[in-house]
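These notes concern the structure reproduced below.
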Amino acid sequence: MGIVKEIMGQCMKELAFGFDAFSFSSSSSRPKRCCTRKHQTVSMLPKTVQLQLPTPSSQPLFVKDESFNRDTAKNPVTLTITGTLTIKHSRTTEMEMMAMMLQHFDDFNNNHALLERGLVMQLVSTEIDPRTMEPKVSNRVVLEGLKFFSVGAERSTHKVEFEIDSNFGFPGAIIVTNKYHKEIFFEAFSIEGFVDFSCNSWVQPQKLHPDKRIFFYNKASLPCETAMGLEELRKEELRQLRGNGKGVRRGSERVYDYDVYNDLGNPDKGNEHVRPILGTKDYPSPRRCRTGRPPSKTDKKFESSIEASMGTYVPRDEAFEAFKRLSDVQNIYKTKDMDIESFLPMEMTNNIHNAVQDYFKFNTPHVITGNSCSILDEELGRQALAGINPLTIKRLESFPPVSDLDPSICGAHESALKEEHITSHLNGMSVQQAMAKKKLFILDYHDAYIPFLNDINGHEDRKAYATRTILYLTEVGTLKPIAIELSLPHQAKQVLTPPMDATSYWLWQIGKAHVCSNDAGVHQLVHHWLRTHACMEPFIIGAHRQLSVMHPVFKLLKPHLKHTLQINAMAREALINEGGIIESDFFPGKHSTKILSAAYKDWWRFDMEALPADLIRRGLAEPDPTEPHGLRLVIEDYPYANDGLLIWFALEDLVRTYVNYYYRDGNMIGSDNELQAWYNEVINVGHHDHANASWWPKLSTPSDLISILTTLIWVSSVQHSAVNFGQYPLGGYVPMRSPHMKKLLPKEGDPEYKKFLDNPEGYLLSCLPNLFETTKFLAVVNILSQHSPDEEYIGQRKDLSDWAGDPDIINAFYKFSVDLKRIEKEIEKKNKDPKCRNRCGAGIPPYELLIATSGPGVTCRGVPNSISI
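As numbered in the numbering used here, residues 319 to 1187 make up the sequence shown, in order.
In structure tokens, the structure reads:
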């Protein structure tokens, strides 16, 4: 009801002042536009309320008397209108405050300097002046004084009075010049309390950035609907954001551009620190945000190291406030003294202090809350459906499985798996019968790892197989592993089956540990980093470069783009870089970037990132017109898919309403120059190595756009949450999910085999990371699994003023929020249903990762709007 009252109030104000929320110009000579929308009665919540939107008006702003309007058309009078600026203050240290006080003391002794200080602001009308054919503008107002630098207050508000003539029209933009020496965060601006500008941006000092800043009012408009007075400003704003592609980017800038991943290694330290450049013919990759750092001294193809250049550039508005780089987390472990207070903010220090200082004082991971023996066969199968990586499992459609790789590089295609290995576990069925009844599934990591295993296993403390695991779907809907194939390049493959004696029991346990280690690597490298973080980055860069902040698509996507560039920059500093957390903790080590590139080249497809398409691709869903959404799951109790599809279709419904509202004529998609420029640039520049792929979806119709936008929002919110926020609760028990293994299976005749027979449990533990490595790994995934206190979750929009004049859209957002509450209730009901054995039962944690909201910290639930930690 609060939202409804707010919108009703807005509409009443519009009616009272006599301006048209949809019409930008009163000029009868205005050229015809390529797209228009009719005014109509729209339904608001509750449905009994009907609002009639105002009809087009030819009156100038604030003028209600017709005779007065006729007189002032020839002899305009001057009006004063009041704007309110809200400034958000950053946390200011005592030293910064002292510096500011000294600076201002100097200013008072320098009258010339003082006169040059202030914020210069000017209103721009949506109309053009017919005499000059330039936008109508107000006078310039200078806002001065020390009041901008409030001590202790989080934000402050300031009144600004503008003079306009009575024919000014509707205020559509403000132009700002910051003549202070300090950047200022514009949070919001409003005119007379009803024309809103959601700024949320840093305004830099003019001496650093001469370009004037432009802020547009909150009305969403397609390019062809842009008010004539704002057309050039709309283009200028995008020009500023694109930059010129040259030079070193400074932290105060807000330029978005593309580059290859040539910053992950450090050739200046020696050849062992070199890593492949991702984004080349040999190593395809999405592009990342360009920093323009100087090249390395040793090899000009590489960017210089981060240590030598004060951190990684991201556009200023993308940067976290008061948050240190993730490399600071990595620095904790450079020595075992662990003086963590010197590296991290207090809030982060409190989170990990006990864990690092006293070792295993972590909260118990969810996976062992009820049953400490979490490496059971049934648990391995359950984790494939409801664990931290539910994206790898697929239906077995041919037996034995076959590799797609070149046998000259990776060995024979033939699998060592035979029917005799598994027929005794199929309840009397043959393998072909079991496949026909959709009873057999596979976790297949063979092709992902086999090309790199010789190099990986060349390291003394890293040993791995490329594994395949066959799982059988039981009558009660759970998965049970019935065979594990362990492969090494150009060597005989080994097959393990469920144990028959003590020796085979322990070999089976070690084999399962290798499967889980394989899974941990693919999860982190492919399903987490590549599919969400890396592949979303070009879409984010392109959106800022090609879509105006006024564009309806940008406004829809904006919350889902937040913070990702900063997090990805932090990842290049400390996660995926040479010597970073992934290399040091996960078994692929320095070959991780090659595995990433191979997965992007041979497997990633944007058209398969939509949840229904992904499930069908993996054989886990089939089209079925009798189902509510035309899709039937092959495994009925598949928590990730069950919950994910509920959110997918609710999200798709929201996007459909939104797109159809702004694109009521299908031809408008093709004629939207900003939209087409964005999508084309993402394909041809941001994902250049797949630019010629035939699988890219077309963007010609509203249906195309609905699919593309739903997929982008899905990946950046729901899919990322599914693979990220359970990393500690569901992946924090190292014996079940070791990030790397130190030994292969013992072979008869080897010295290790006797040690294994004498103490098989000790041998298994010796395969796992040591205590210090485990502590480091747990501390990192604990941090990555946390929600921040100010997280904004899917279904939440802190600012709906962008659609104050579009109650249909407010209605759609409200309905989506209600849908998510309903879905949460359905999830909670399933988590208590004993028939859902993959999410309910003794010692089995409920599956809550896709419940929309969460409190702060490690909660194993919550879906933030964007890729955030």
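Beta carbons are placed, not taken as given, at the ideal position from N, Cα and C, and that holds for glycine.
- Counting only runs of 4+ residues, the alpha helix (DSSP H) found wholly inside the region 711-788 occupies 725-728, 737-740, 749-754, 764-767, 771-774, in chain order.
- The residue from P594, A1009, L1023, A545 with its alpha-carbon nearest to that of G984 is L1023.
- Cβ-Cβ distances below 6 Å link I800 to I740, H743, I788, Y790 in the same chain, with the five nearest sequence neighbours on each side left out; the list follows chain order.
- When the Cα atoms are used, Q522 and T475 turn out to be separated by approximately 19 Å.
- For the options F1095, G1161, L703, Q1037, the alpha carbon positioned closest to that of I900 is the one of F1095.
- The alpha-carbon separation between V813 and A734 amounts to approximately 7 Å.
- The region 945-991 is shown to contain whole alpha helix (DSSP H) runs of 4 or more residues at 957-980, 986-989, in chain order.
- Contact between R593 and E855 is absent: CB atoms are separated by about 18 Å, not below the 8 Å threshold.
- Taking the C-beta atoms as reference points, R780 is found nearer than 8 Å to G907.
- Bridge partners of T396 according to DSSP: D483.
- Only residues of its own chain outside the window of five on either side were considered, and among them L1048 have a CB closer than 6 Å to the CB of G705, listed in chain order.
- DSSP places K830 within a helical segment (H, G or I) once states are collapsed to three.
- Non-local beta-carbon contacts of F770 in its own chain, meaning distances under 7 Å to residues more than five positions away in sequence, involve P906, H909, K912, I913 in chain order.
- DSSP, reduced to helix, strand and coil, places G1175 within a strand of the structure shown.
- Taking the CA atoms as reference points, K798 sits about 29 Å from G948.
- Between V1041 and H731, the beta carbon gap of about 30 Å keeps them out of contact (Cβ cut-off 8 Å).
- Under the DSSP assignment, S508 falls in the beta strand (DSSP E) whose first and last residues are 502-509.
- The beta-carbon separation of E479 and T396, rounded to 12 Å, does not stay under the 8 Å limit for a contact.
- Between R567 and S1186, the alpha-carbon positions lie close to 23 Å from each other.
- In this structure N772 is exposed. Its beta-carbon is surrounded by fewer than 16 other beta-carbon atoms within 10 angstroms.
- According to the DSSP secondary-structure assignment, K406 is paired through a beta bridge with R473, F503.
- S603 and Y918 have their C-alpha atoms roughly 6 Å apart.
- The criterion of a C-beta distance shorter than 8 Å is not satisfied by L758 and I711.
- Rounded to whole angstroms, A928 and Y535 show a C-alpha spacing of 33 Å.
- Here the region 536-553 makes contact with the region 435-454; the two share three or more CB pairs at distances below 8 Å.
- Taking C-alpha positions only, W824 is separated from L1075 by approximately 9 Å.
- With respect to the 8 Å criterion, V952 and K755 are not classified as neighbours on the basis of their beta carbons.
- For T495, the enclosing beta strand (DSSP E) covers residues 489-496.
- In this structure, DSSP gives L933 a helical state, which the three-state scheme calls helix.
- Between L848 and A861, the C-beta spacing is not below 8 Å.
- Around the Cβ of L526, a 10 Å sphere holds fewer than 16 other Cβ atoms; the residue is exposed.
- Contact annotation: A831 and L1082 have beta-carbon atoms nearer than 8 Å.
- Judged by DSSP in its simplified three-state form, N518 adopts strand.
- Contact check for L933 against A959 passes: the beta carbons are separated by less than 8 Å.
- K599 carries a coil assignment under DSSP once its states are collapsed to helix, strand and coil.
- Taking the Cα of D514 as reference, the smallest distance to any Cα among N496, P528, K500, P489 is reached at P489.
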